[in-house]
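These notes concern the structure reproduced below.
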Amino acid sequence: MKVYIKPNERIDDLQRNGYRIIQDPDRFCFGMDAVLLSGFATAKKGDFVLDLGTGTGIIPILMEAKTEAAHLTALEIQPESADMARRSVSLNGLDEKISVITGDIKEAKELFPKASFQVITSNPPYMIGQHGLVNPHGEKAIARHEILCTLKDVIENAAVLLVPGGHFFMVHRPFRLVEIMTTLVEYHLEPKRMRLVYPYVDKEPNMVLIEAVRGGKSRLEVEKPLIVYEKPGIYTSEIYDVYGY
824 MKVYIKPNER IDDLQRNGYR IIQDPDRFCF GMDAVLLSGF ATAKKGDFVL DLGTGTGIIP
884 ILMEAKTEAA HLTALEIQPE SADMARRSVS LNGLDEKISV ITGDIKEAKE LFPKASFQVI
944 TSNPPYMIGQ HGLVNPHGEK AIARHEILCT LKDVIENAAV LLVPGGHFFM VHRPFRLVEI
1004 MTTLVEYHLE PKRMRLVYPY VDKEPNMVLI EAVRGGKSRL EVEKPLIVYE KPGIYTSEIY
1064 DVYGY
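At position 239 of the sequence shown the residue is numbered 1062 (our numbering), and the sequence of numbers has no breaks.
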């Protein structure tokens, strides 16, 4: 399908089902965290899936490639990113499988019927306050810092929109792990599975992948560490598998 590509945009190969994605390096490009989340998350045949804060749509597109979900919905507050996501969906011929909605995570529980999704994913902004440098480019700052939504906003809305027994998948930073776990439990999303991601085997983890279940019983499985690099510039075999190389 012919799709309009704006100045400064590029088309990247996702190495899955021949799918491609439109990105603008001057605005924001998806990172490894989104790819790892799509590899960590699961959806059953017939599930309805929602991605909160989809950016340019990377997670729904990759989830469509690996699952038999009935439909995937992507919510994004920034109109330019949502437009890019829609064009990527059309580029891959997925208009019947993926819907992109321009809207605010804080209002998600008003935008969609309660308990209407079996699976919800999110790669939310990680930083609060003065954690890290706030990017001078608005789009990148919104993606990385809690400017337009907070961790609580994401979890609260996910809890309302999930069916009982539904699954919530999120990637975040380990330094906020205590806050993540307590907030999940506060909203009756029981943490069930966790995996720490390490850049190198001898370094501290810099990402955490979490699965929680609405109304689940208290039992957490901590999976083996995921190591990204064998050495500088060389991924481990598991990372190559996630990326589809």
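Where is the CB? At the ideal position from N, CA and C, for every residue including glycine. Here the structure is a predicted model, which is why all the values come from computation and not from measurement.
- For V858, same chain residues with a beta-carbon under 8 Å away, outside a window of 5 residues either side, are I881, L885, V1065 and Y1066 in chain order.
- Cβ-Cβ separation between A893 and G869: approximately 5 Å, consistent with a contact (criterion under 8 Å).
- Per DSSP, A1035 lies in no alpha helix (DSSP H) segment; the continuous beta strand (DSSP E) that holds it begins and ends at M1030 to R1037.
- When E979, R909, V1024 and A1035 are compared, the shortest CA-CA separation from Y827 is found for R909.
- In the DSSP assignment, K932 falls within the unbroken alpha helix (DSSP H) covering A931 to L934.
- In the structure shown, T896 falls within a strand segment according to DSSP collapsed to helix, strand and coil.
- Rounded to whole angstroms, the separation of the alpha carbons of A1035 and L1012 is 5 Å.
- Within the model, the alpha-carbon separation for F871 versus L895 is close to 6 Å.
- Fully enclosed alpha helix (DSSP H) runs of no fewer than 4 residues occupy 881-889 of the stretch 857-908, in order along the chain.
- For V977, the enclosing alpha helix (DSSP H) begins and ends at L974 to L984.
- When Cβ pairs closer than 8 Å are counted between the two stretches, the stretch 977-987 is seen to touch the stretch 998-1014, the count reaching three or more.
- Taking 9 Å as the cut-off, the beta carbon of L934 is found no closer than this to the beta carbon of A888.
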